[in-house]
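First the structure, in the form of structure tokens, and then the observations on it.
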Amino acid sequence: MRLALAVNVMKAAVALSGRFSDIPSLYNSHQNAGIGGSVTTESTDTRRRSSSLTSRMSALLILAAGAEEMEMVISVDVLRRAQISVTVAGLSGTEPITCSRNVVIVPDKSLEEAAKQGLYDVVIMPGGNGGAQNLAGSEKVGEILKAHESGGKIVAAICAAPIALLSHGIAKGKTLTSHPAVKDKIVAAGIYRYSEERVVQDGNLITSRGPGTAFEFALALVEALKGKEVADFLIPPMLLKV
1 MRLALAVNVM
11 KAAVALSGRF
21 SDIPSLYNSH
31 QNAGIGGSVT
41 TESTDTRRRS
51 SSLTSRMSAL
61 LILAAGAEEM
71 EMVISVDVLR
81 RAQISVTVAG
91 LSGTEPITCS
101 RNVVIVPDKS
111 LEEAAKQGLY
121 DVVIMPGGNG
131 GAQNLAGSEK
141 VGEILKAHES
151 GGKIVAAICA
161 APIALLSHGI
171 AKGKTLTSHP
181 AVKDKIVAAG
191 IYRYSEERVV
201 QDGNLITSRG
211 PGTAFEFALA
221 LVEALKGKEV
231 ADFLIPPMLL
241 KV
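Residue numbers (UniProt numbering): 1 to 242.
See the structure below:
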């Protein structure tokens, strides 16, 4: 009697285990079932998206004192949701960095150390007036930007950070945007075409306008690196309206 009961319990456990093992595939194929419809097998699109999410891409975000913290944190968060490896590199080292609204952020590495790893798939510069000025005045930043530009990698800047592009002679002749506060300086240089769009991509250059466009900026980076399907997949869980 006890033996039969034990066997039945084991059978039930195996059955339950089988049901729970189906949960990931059910979740992955949820878009294949309409209301009241039946769940089908995992779609080609789902498999493609899963492959894109797991492919490893790398990003270098250069963080300087006075950076705009929303632009920094949102960019890092969204890219990491897309399974992009992001290194936050401190311009002046690994000490905690005070951003424009007194939020303190600890870099992953110093910029000097991060640069030793070679080229990343994208190098990102958040804005903030003080942060942008520090980026524009750094020879090391100029070297890194030029190496990535010549290597065909993506260079991205938001808010006031495009003045660093100007300072280091990056992306001459391309179309870009920026925070309105630095528009006149960029336009006066006469080497860029200026746009009022919230996010602008011209080849391997991606620029955006400020804190309020940070999610759009980050999603544009994801799309450039991993495709529109992956970028779109990130939107619903974040409850974004774009």
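Just so it is clear, CB atoms sit at the ideal spot from N, CA and C, and this is done for glycine as well.
Alpha carbon to alpha carbon, how far is V230 from D22? Give it in angstroms, no decimals.
With a pLDDT of 36 at D22, under the threshold of 50, the modelled position of this residue cannot be trusted, and the question is left open.
As a quick exercise: from T98, E149, K116, pick the residue whose alpha carbon is nearest that of T87.
K116
Check each candidate in T175, E196, G90 and name the one with the smallest Cα separation from V106.
G90
Where G90 sits in the DSSP three-state scheme:
strand
In the structure shown, what three-state DSSP assignment does I154 receive?
strand
Helix, strand or coil: how does DSSP classify D121 here?
coil
Anticipated Cβ contact below 8 Å, I206 with A220, distance rounded:
6 Å
Proximal residues to S58 (C-beta, below 6 Å), its chain only, five neighbours per side dropped
S85, Y120, D121
If you draw a straight line from the C-alpha of K185 to the C-alpha of I163, how long is it?
8 Å
Going along the chain, which residues of its own chain have a beta-carbon closer than 6 Å to the beta-carbon of R81, five neighbours each way excluded?
L234
I need the straight-line Cα distance from G118 to K146, nearest angstrom please.
13 Å
For the structure I just gave you, are there three or more beta carbon pairs, one from the segment 142-160 and one from the segment 210-229, closer than 8 Å?
yes
Which residue's Cα is closest to the Cα of K153: G137, S138, I170?
I170
For S138, which option in P180, R56, A65, R209 has the closest C-alpha, if you only look at C-alpha atoms?
A65
Residue range of the alpha helix (DSSP H) that includes V78
69-81
How would you label E223, buried or exposed, when you count the other beta carbons within 10 angstroms and need 16 or more for buried?
buried
Backbone CA spacing between L61 and K109 [nearest angstrom]:
10 Å
Count the other C-beta atoms from every protein chain shown that fall within 10 angstroms of the C-beta of G36, then say buried if there are 16 or more, exposed otherwise.
Note that G36 has pLDDT 36, beneath the 50 cutoff, so the model's placement of it is unreliable and the number below is only indicative. Exposed, because fewer than 16 other Cβ atoms sit within 10 Å of the Cβ of G36.
So V187 packs on H148, CB below 8 Å; how close in whole Å?
Contact doesn't hold; Cβ gap of about 25 Å is too wide.
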